[in-house]
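**Student:**
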Amino acid sequence: MRHELYMQRCLDLAKNGLGTTYPNPLVGSVIVHKDTIIGEGWHRKSGEPHAEVNAVNSVKNQALLAESTIYVNLEPCSHFGKTPPCSDMIVRLGIPKVVIGTVDPNEKVAGKGIEKLRAAGIEVIVGILETECLELNRRFFTFHNKKRPYIILKWAESADGFIAPAVKDQRNPVWISNPASRQLVHKWRSEEASILVGTQTVIDDNPQLNVRDWAEINQPIRLVIDKSGKIPSASYIFDNKQQTIIFSEKALMPERENLIFEVVDFSTGILPQLLEIIYNRGIQSVIVEGGNRTLQSFINAGIWDEARIFIGEPTLGDGTKAPELDRQNAKEFSIDRDKLLMIRNHDQHHYF
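Quick note: the sequence shown uses our numbering, first residue 1, plus one each step.
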């Protein structure tokens, strides 16, 4: 049970990096000497020291490392990236035992770190709280094993099933969800690598697609579908404040700082093209925030991992219908007086 206890601590530490470590995974590490934690750390940001390094650096008496066990929820890296290999550091320091949650799916690692440790005579245990470790890094595992981003569908709908009124008044917008729900959405945005919307959503709502109502630890990349340049040039998405990628049939204007065009063939299915481009750009996760047509295309293709649906108190009577999605397995929560449905796509709920 001690292994599970210390691995859970690794997971708790790793969660602190959600939204700041992309494209790296969430990793926490704990160093134990005679049933006492003497060091711990987590990976804070891509390019900065990994969790194992931070844990080692936190140990006051480094002489104890030669009699200690290091715990880490993901296999220590074995390659040179922006930082040196953690497996080399563990060997060099003479740490005799390593306990690992799960193997790293990245082809640059993929068991090589474990092999290096064992070749050096270090005892290695693998698979402690493996399910929990896979769940924590579901974005990372989906990206490397399925060669696509982790996909979260999000929308708010009225009590009678509409996501927008028939007639919109920009001066007096209709808010379907409450302020607490909207703040939660901004928290979610800070945790993901990108946000995707379709043309009509930008024309109708002129969204900023950024993090405003939560700590701005991460501003996601804006992904926008605009086949032929219908979106007004004065829209927020062209404000250069965060990276924005426009999917269109041709470059609609000169690229500039934070504005990139990706050419897509709209005469055929665009979803596989979008996902390939997003994957090739190293974007691990995407929140699809609208509109109905874009959301429904992911649902119909069965290519999504989570759906997060707010059901507000207002009724609209008419307007744009909410996407159609089987809600049998939904978990329901209350956000003030809103309902929040959380649904996992069980057909896609395997990361390995």
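Each residue gets a CB set at the ideal place from its N, CA and C atoms; glycine is no exception.
Beta carbon of Ile125: closer than 6 Å to some heavy atom of the ligand FAD?
**Tutor:** Annotation note on the ligand FAD: not contained in the displayed structure, which lists no ligands.
**Student:** With DSSP collapsed to three states, give me the class of Phe352.
**Tutor:** Taking the sequence shown and counting its residues from 1, the one referred to as residue 352 is at position 352. Interpretation of Phe352 is limited by its pLDDT of 49, a score under 50 that renders its predicted location unreliable; no figure is taken from the coordinates.
**Student:** Determine, for Arg138, whether the minimum Cβ-Cβ distance to residues of chain B falls below 7 Å.
**Tutor:** No chain B appears in this structure, which consists of one protein chain only.
**Student:** So, Val197 versus Gly290, is the Cβ gap smaller than 7 Å?
**Tutor:** The residue given as residue 197 occupies position 197 in the sequence shown. The residue given as residue 290 occupies position 290 in the sequence shown. Cβ distance < 7 Å, so Val197 and Gly290 count as in contact.
**Student:** Provide the residue span of the beta strand (DSSP E) that contains Leu223, from first to last.
**Tutor:** As a working mapping, residue 223 is identified with position 223 in the sequence shown. Residues Ile221 to Ile225.
**Student:** Terminal residues of the continuous beta strand (DSSP E) containing Glu306?
**Tutor:** Working through the sequence shown from its first residue, we reach residue 306 at position 306. Where Glu306 is concerned, the enclosing beta strand (DSSP E) stretches over Glu306 to Ile311.
**Student:** Indicate the three-state DSSP secondary structure (helix, strand or coil) for Leu5 in the structure shown.
**Tutor:** Stepping through the sequence shown from its first residue, residue 5 is reached at position 5. In this structure, Leu5 counts as helix in the three-state DSSP scheme.
**Student:** Of the choices Ser285, Asp12 and Phe238, whose alpha-carbon is the least far from that of Tyr71?
**Tutor:** Residue 71 sits at position 71 when you count from the first residue of the sequence shown. Among Ser285, Asp12 and Phe238, the Cα nearest to that of Tyr71 belongs to Asp12.
**Student:** Out of curiosity, what's the CA-to-CA distance linking Phe352 and Phe141?
**Tutor:** The residue labelled residue 352 in the question sits at position 352 within the sequence shown. The residue labelled residue 141 in the question sits at position 141 within the sequence shown. Because Phe352 carries a pLDDT of 49, less than 50, the predicted location of this residue cannot be relied on, and the following value inherits that uncertainty. Going by the C-alpha atoms only, they are around 7 Å apart.
**Student:** Any chance you could list the alpha helix (DSSP H) runs of at least 4 consecutive residues sitting entirely within the segment 103 to 134, in chain order?
**Tutor:** Correct list: 112 to 119.
**Student:** Along the chain, where does the alpha helix (DSSP H) containing Tyr22 start, and where does it finish?
**Tutor:** On the sequence shown, residue 22 is found 22 positions in, with the first residue counted as 1. From DSSP, Tyr22 is part of no alpha helix (DSSP H); its letter is neither H nor E.
**Student:** Going by the beta-carbon positions, is the gap between Pro220 and Leu316 smaller than 7 Å?
**Tutor:** Start at 1 with the first residue of the sequence shown, and residue 220 comes out as number 220. Start at 1 with the first residue of the sequence shown, and residue 316 comes out as number 316. The answer is no: Cβ separation not under 7 Å.
**Student:** How is Leu11 classed by DSSP in three states: helix, strand or coil?
**Tutor:** Counted from its first residue, the sequence shown places residue 11 at position 11. Note: Leu11 maps to helix in three-state DSSP.
**Student:** Answer yes or no: do His3 and Val99 have a C-beta to C-beta separation smaller than 7 Å?
**Tutor:** Along the sequence shown, read from residue 1 onward, the residue named residue 3 stands at position 3. Along the sequence shown, read from residue 1 onward, the residue named residue 99 stands at position 99. For His3 and Val99, yes; Cβs fall inside 7 Å.
**Student:** Is the beta carbon of Leu340 closer than 7 Å to that of Phe298?
**Tutor:** Here residue 298 refers to the residue found at position 298 when the sequence shown is read from its first residue. Here residue 340 refers to the residue found at position 340 when the sequence shown is read from its first residue. No, the pair does not count as a contact, with Cβ atoms beyond the cut-off.
**Student:** According to DSSP, which residues form a beta bridge with Leu196?
**Tutor:** Position 196 of the sequence shown holds residue 196. Looking at the DSSP assignment, Leu196 forms a beta bridge with Leu223 and Val288.
**Student:** Under a three-way DSSP split, which group does Trp42 fall into?
**Tutor:** Mapped onto the sequence shown, residue 42 falls at position 42. Three-state DSSP puts Trp42 in a strand.
**Student:** Quick check on the DSSP output: what are the complete alpha helix (DSSP H) runs of length 4 or more inside the segment 207 to 260, in order along the chain?
**Tutor:** Complete alpha helix (DSSP H) runs here, min 4: none at all.
**Student:** Over what stretch of residues does the beta strand (DSSP E) that includes Ala164 continue unbroken?
**Tutor:** Taking the sequence shown and counting its residues from 1, the one referred to as residue 164 is at position 164. Taken as a continuous stretch (DSSP letters only), the beta strand (DSSP E) holding Ala164 covers Phe162 to Ala164.
**Student:** Across which residues does DSSP place Leu295 in a beta bridge pair?
**Tutor:** Numbered from its first residue, the sequence shown carries residue 295 at position 295. Paired residues: none, contrary to the question.
**Student:** In its own chain, which residues sit with a C-beta less than 8 Å from the C-beta of Ala180, not counting the 5 before and 5 after it?
**Tutor:** Here residue 180 corresponds to residue number 180 of the sequence shown, with the count starting at 1. Same-chain partners within the cutoff: Ile335, Asp336 and Asp338.
**Student:** Could you tell me the distance, in whole angstroms, from the CA atom of Ser78 to the CA atom of Leu134?
**Tutor:** Position 78 of the sequence shown, counted from the start, is the residue given in the question as residue 78. Position 134 of the sequence shown, counted from the start, is the residue given in the question as residue 134. Ser78 and Leu134: Cα-Cα distance of roughly 20 Å.
**Student:** Can you round the beta-carbon distance between Arg9 and Val30 to whole angstroms, since I take them to be within the 8 Å contact cut?
**Tutor:** On the sequence shown, position 9 is the one that residue 9 refers to. On the sequence shown, position 30 is the one that residue 30 refers to. Right, the Cβ-Cβ distance comes to about 5 Å (below 8 Å), so this counts as a contact.
**Student:** Using beta-carbon positions only, say whether Leu65 and Ile95 come within less than 7 Å of one another.
**Tutor:** As a working note, residue 65 is residue 65 in the sequence shown. As a working note, residue 95 is residue 95 in the sequence shown. Contact: yes.
**Student:** Measure the Cβ-Cβ separation of Ile245 and Asp226 and say whether it is below 7 Å.
**Tutor:** As a working note, residue 245 is residue 245 in the sequence shown. As a working note, residue 226 is residue 226 in the sequence shown. The answer is no: Cβ separation not under 7 Å.
**Student:** Is it buried or exposed for Gly28, if we count other Cβ within 10 angstroms and need 16 for buried?
**Tutor:** For this step, residue 28 is matched to residue 28 along the sequence shown. Buried is the call here.
**Student:** Might you give, ordered along the chain, the residues of its own chain that have their beta carbon closer than 6 Å to the beta carbon of Lys116, omitting 5 neighbours on each side?
**Tutor:** Taking the sequence shown and counting its residues from 1, the one referred to as residue 116 is at position 116. These residues qualify, in order along the chain: Ser78 and Ser87.
**Student:** Using 8 Å for Cβ pairs, my map puts Gly312 next to Ser158. What's the rounded Cβ distance?
**Tutor:** Taking the first residue of the sequence shown as position 1, residue 312 is located at position 312. Taking the first residue of the sequence shown as position 1, residue 158 is located at position 158. Sure, about 6 Å apart at Cβ, within 8 Å.
**Student:** Three-state secondary structure (DSSP) at Lys146?
**Tutor:** As a working note, residue 146 is residue 146 in the sequence shown. Of the three classes helix, strand and coil, the one that applies to Lys146 here is helix, per DSSP.
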